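In what follows, a structure is listed as structure tokens, so that the remarks can point back to it.
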Amino acid sequence: MLSDGTLTAVQTLASTALCGIVHSFIGGQPLLILGVAEPTVIMYTFMFNFAKDRKEIGPDLFLAWTGWVCVWSSVLLCLLSILGACSLIDRFTRMAGELFGLLISMLFVQEAIRGLIGEFLIPTREDPSRIEFQSSWRFANGLFGLILAFGLLITSLQTRKARSWTYGPGCFRGFVADYGVPLMVLIWTCISYASAGHAPMGIPRRLYSPNPWSSSASKNWTIIREMGSVPVLDIFTALIPATMIAVLYYFDHSVASQLAQQKEFNLRKPSAYHYDLLLLSFLVVICGLLGIPPSNGVIPQSPMHTKSLATLKHQIVKMKLVRVARKSLQQSPTFSQLYHNMQEAFKQTGSSLVLQPPSSRVLKEVKANGLQSSLSSNNMDCHVDESNFDPDKDVDELLPVEVKEQRLSNALQSFMVGGCIAAMPLLKKIPTSVLWGYFAFMAIDSLPGNQFWGRILLLFASASRRYKAFEQTHVSFLESVPYNTIAIFTSLQLFYLLACFSVTWIPLAGVLFPLLIMLLVPARQYLLPKFFKIQHLQELDAAEYEEAPAMPYSRALREAEMHGFGRAKELDGNLEEGELFDEIMTNNRGEIKHSYGPSLSKPASFKSLGSPRKSDL
Numbered sequence: 001m002l003s004d005g006t007l008t009a010v011q012t013l014a015s016t017a018l019c020g021i022v023h024s025f026i027g028g029q030p031l032l033i034l035g036v037a038e039p040t041v042i043m044y045t046f047m048f049n050f051a052k053d054r055k056e057i058g059p060d061l062f063l064a065w066t067g068w069v070c071v072w073s074s075v076l077l078c079l080l081s082i083l084g085a086c087s088l089i090d091r092f093t094r095m096a097g098e099l100f101g102l103l104i105s106m107l108f109v110q111e112a113i114r115g116l117i118g119e120f121l122i123p124t125r126e127d128p129s130r131i132e133f134q135s136s137w138r139f140a141n142g143l144f145g146l147i148l149a150f151g152l153l154i155t156s157l158q159t160r161k162a163r164s165w166t167y168g169p170g171c172f173r174g175f176v177a178d179y180g181v182p183l184m185v186l187i188w189t190c191i192s193y194a195s196a197g198h199a200p201m202g203i204p205r206r207l208y209s210p211n212p213w214s215s216s217a218s219k220n221w222t223i224i225r226e227m228g229s230v231p232v233l234d235i236f237t238a239l240i241p242a243t244m245i246a247v248l249y250y251f252d253h254s255v256a257s258q259l260a261q262q263k264e265f266n267l268r269k270p271s272a273y274h275y276d277l278l279l280l281s282f283l284v285v286i287c288g289l290l291g292i293p294p295s296n297g298v299i300p301q302s303p304m305h306t307k308s309l310a311t312l313k314h315q316i317v318k319m320k321l322v323r324v325a326r327k328s329l330q331q332s333p334t335f336s337q338l339y340h341n342m343q344e345a346f347k348q349t350g351s352s353l354v355l356q357p358p359s360s361r362v363l364k365e366v367k368a369n370g371l372q373s374s375l376s377s378n379n380m381d382c383h384v385d386e387s388n389f390d391p392d393k394d395v396d397e398l399l400p401v402e403v404k405e406q407r408l409s410n411a412l413q414s415f416m417v418g419g420c421i422a423a424m425p426l427l428k429k430i431p432t433s434v435l436w437g438y439f440a441f442m443a444i445d446s447l448p449g450n451q452f453w454g455r456i457l458l459l460f461a462s463a464s465r466r467y468k469a470f471e472q473t474h475v476s477f478l479e480s481v482p483y484n485t486i487a488i489f490t491s492l493q494l495f496y497l498l499a500c501f502s503v504t505w506i507p508l509a510g511v512l513f514p515l516l517i518m519l520l521v522p523a524r525q526y527l528l529p530k531f532f533k534i535q536h537l538q539e540l541d542a543a544e545y546e547e548a549p550a551m552p553y554s555r556a557l558r559e560a561e562m563h564g565f566g567r568a569k570e571l572d573g574n575l576e577e578g579e580l581f582d583e584i585m586t587n588n589r590g591e592i593k594h595s596y597g598p599s600l601s602k603p604a605s606f607k608s609l610g611s612p613r614k615s616d617l
């Protein structure tokens with residue numbers, strides 16, 4: 001943080017560990033990762049710049065004053081929770097969440113660029129006469145820093161793709177994919193010592209932070225005794241930044257929680273927005289009284305945590321089903337029999353397989369090999385064997401997206417962060433340029449799956465190559481929304497993003513940037529429908545409050561039959577009144593797709609029978 005050493009890595013790690021451990025044990029949504037987010041760093045930087053110029057506060061009472069800021073913020077967050085403000089979470093649409101996520105990525109990139117530029121400059125509060133600060137050595141330090149930063153960035157991005165590597169056993173590729181990033185930090189830290197003996201001791205520059213047992217680091221813990229020394233006027237002045245922090249945390253914490261439990265993850269446990277916000281209010285005041293920056297739900301770590309657990313559950317279940325499939329294929333079963341055997345094995349996990357026909361590749365090979373002369377209407381009676389059904393590949397199409405919901409992973413990572421405090425002497429050996437590369441990696445790694453980012457790429461793609469921009473992300477709206485509408489909507493969103501980013505550069509007034517984020521909520525609900533068709537907005541930025549309640553299952557099937565689809569008469573005796581619920585899963589692009597009720601197949605011209613929008617009623 002830009003606080004002249006008042007707050008260091010020790011305080012940041014302490015806050016992350018403390019809040020993370022508490023939330024992992026008693027939090028309502030344990031998939032939510034807590035940490036000191038970049039917006040919090042910005043807010044504390046603005047507050048420090050304000051306080052250091054006031055004689056009655058100054059650097060000496062800065063932490064005591066921020067203690068009062070946290071007290072006020074805690075009161076406001078508690079009131080928001082008690083008054084049910086989180087019931088408005090359905091107003092936080094994709095546009096607001098993805099714009100805020102992209103803003104966080106821009107702030108990470110900004111810190112990385114600012115840090116790399118600083119590698120060529122003389123640090124503040126350092127003696128410029130030292131040999132490592134001579135112009136030639138500063139230039140060498142900067143170039144070496146660029147090598148370390150980009151080396152970490154490129155290699156870390158490559159490790160994320162390790163599971164698709166051609167070479168190496170599966171266990172090795174899985175290990176690299178899961179733990180490649182910290183491994184790369186270790187490797188590039190070792191590489192940084194290649195200059196030892198050939199350059200001054202300060203090249204490359206390394207992380208600076210006091211040890212946790214030093215007096216400069218421990219003075220924060222008794223800051224509560226100094227809070228009474230803050231003038232009364234400044235105690236009430238603290239209400240202004242406290243309001244901004246409360247607004248920021250209300251939005252940031254809720255959006256991070258929302259992204260960590262998106263519908264496509266198929267979570268079984270319900271959300272706990274109000275309770276988590278109430279718990280956050282207590283954590284904020286505890287952090288303020290301890291003189292450390294408060295933590296809240298962070299982006300992109302929270303959704304990345306859920307995705308990692310989904311991958312873990314997928315791997316565990318897939319290994320089990322592949323064994324069952326190989327055993328069944330020895331008897332040359334039909335696809336229906338094969339599916340039944342895997343379904344029975346899958347029931348032990350408490351879930352159900354996605355019921356759908358065999359893949360087009362399987363059907364094509366079945367026809368080519370003449371294994372089934374005539375396929376049934378639902379394609380489930382064709383015989384399959386290992387020549388046309390590869391369990392390692394085709395089982396994936398039957399597995400729904402599921403998450404291994406538990407509290408252990410969150411608790412472990414929080415305890416490990418706490419362990420880093422004791423390991424501070426080792427952490428100080430990491431070059432700062434490696435950290436700048438890690439910041440850039442965090443920003444870039446959060447972009448896949450962000451529809452806003454995909455549409456930005458679409459703006460710069462030629463007409464004949466636009467499909468390329470969406471090969472790995474969402475693409476369905478391209479089929480129903482005109483390109484000009486997409487371009488205008490994305491341009492407005494991009495302009496607003498740049499406006500929010502620009503505000504963070506304004507001295508003191510930049511503390512108001514959370515208000516710009518919150519203004520997106522009423523703008524989406526009341527302003528955008530005046531300029532865009534509701535149907536187009538639903539494709540680009542779906543809002544739950546614009547959807548009508550789901551129709552009963554039986555009515556949906558009968559309406560489908562009236563239009564020549566479905567099997568209402570055939571299934572009429574087995575219908576149960578309830579909502580028509582589309583099973584949600586995702587394909588390899590990260591795009592949501594649905595399984596329509598109990599029907600095993602649907603005609604090519606079939607259209608969604610899901611809940612109608614209010615505009616359609």
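According to full-length UniProt numbering, the sequence shown is numbered sequentially starting from 1. Idealized CB from N, CA, C, for every residue including glycine. Please read all numbers here as calculations on a predicted model, not as lab measurements.
Hey, L153 and L435: beta-carbon distance below 8 angstroms or not? no
Which one of G5, T6, I21 and T8 has the shortest CA to CA distance from G418? I21
G35 and T66 look like a contact to me (Cβ under 8 angstroms); what is the Cβ gap, rounded to whole Å? The Cβ separation is near 18 angstroms, so there is no contact.
Integer Cβ distance of N450 from E98, believed to fall under 8 angstroms: 5 angstroms
Should D276 be labelled buried (16 or more other beta-carbon atoms within 10 Å of its own) or exposed? buried
Assign G180 to one of two classes, buried (16 or more other C-beta atoms within 10 Å of its C-beta) or exposed (fewer than that). buried
From F172 to S73, what does the alpha carbon distance come to, in whole angstroms? 47 angstroms
Taking 8 angstroms as the limit between beta carbons, can you name the residues of its chain near S215, skipping five residues before and five after? none
Alpha carbon to alpha carbon, how far is P448 from H253? Give it in angstroms, no decimals. So the alpha carbons of these two residues sit roughly 21 angstroms apart.
Residue from F439, P30 and E479 whose Cα sits closest to the Cα of S156: F439
Which value, in whole angstroms, describes the spacing of the CA atoms of P30 and R407? Answer to the nearest angstrom: the Cα atoms are 5 angstroms apart.
Kindly list the residues whose CB is nearer than 6 angstroms to the CB of S414, restricted to its own chain and excluding five residues on each side of it in sequence; keep chain order. A17, G20, I21 and S24
Kindly indicate which three-state DSSP category A196 falls into: helix, strand or coil? In the structure shown, A196 falls within a strand segment according to DSSP collapsed to helix, strand and coil.
From L80 to V285, what distance separates their C-alpha atoms? 15 angstroms
So, is V232 buried or exposed, given that buried needs 16 or more other C-beta atoms within 10 angstroms? exposed
Could you give the distance in angstroms between the alpha-carbon of C86 and the alpha-carbon of L289? C86 and L289 have their C-alpha atoms roughly 26 angstroms apart.
Using only the alpha-carbon positions, how far apart do Y249 and I82 sit? Taking the straight line joining both Cα atoms gives about 15 angstroms.
Endpoints, the alpha helix (DSSP H) within which S433 is located: For S433, the enclosing alpha helix (DSSP H) starts and ends at T432 to D445.
At a cut of 8 angstroms, does the segment 35 to 45 reach the segment 103 to 121 through at least three beta carbon pairs? yes
Environment of P241 [buried if 16+ CB atoms lie within 10 Å]: buried
Under the DSSP definition of a beta bridge, which residues are partnered with L34? G297
When you compare only the Cα positions, how much space is there between E5 and F92? Checking the sequence shown, residue 5 turns out to be Gly, not Glu. If you take the alpha carbons of G5 and F92, they lie about 37 angstroms apart.
Quick test of your reading: S302 and L32, contact by CB under 8 angstroms. State the CB separation rounded to the nearest angstrom. 5 angstroms
Which of the three DSSP states is assigned to R94 in this structure? helix
Look up T485 in the DSSP assignment and say whether it is helix, strand or coil. helix
First and last residue of the uninterrupted alpha helix (DSSP H) at C86: No alpha helix (DSSP H) holds C86; DSSP gives it neither H nor E.
What is the residue span of the alpha helix (DSSP H) that F415 lies within? L408 to A422
What separation, rounded to the nearest whole angstrom, lies between the Cα atoms of V322 and A310? 18 angstroms
Please classify M43 as buried or exposed, where buried requires at least 16 other C-beta atoms within 10 Å of its C-beta. buried
Please report the straight-line C-alpha distance between S464 and F477, rounded to a whole angstrom. Here the alpha carbon of S464 sits roughly 17 angstroms from the alpha carbon of F477.
Going by DSSP, what residue range makes up the alpha helix (DSSP H) through Y273? Y273 to L290
Would you mind reading off the limits of the alpha helix (DSSP H) that contains Q535? I534 to L540
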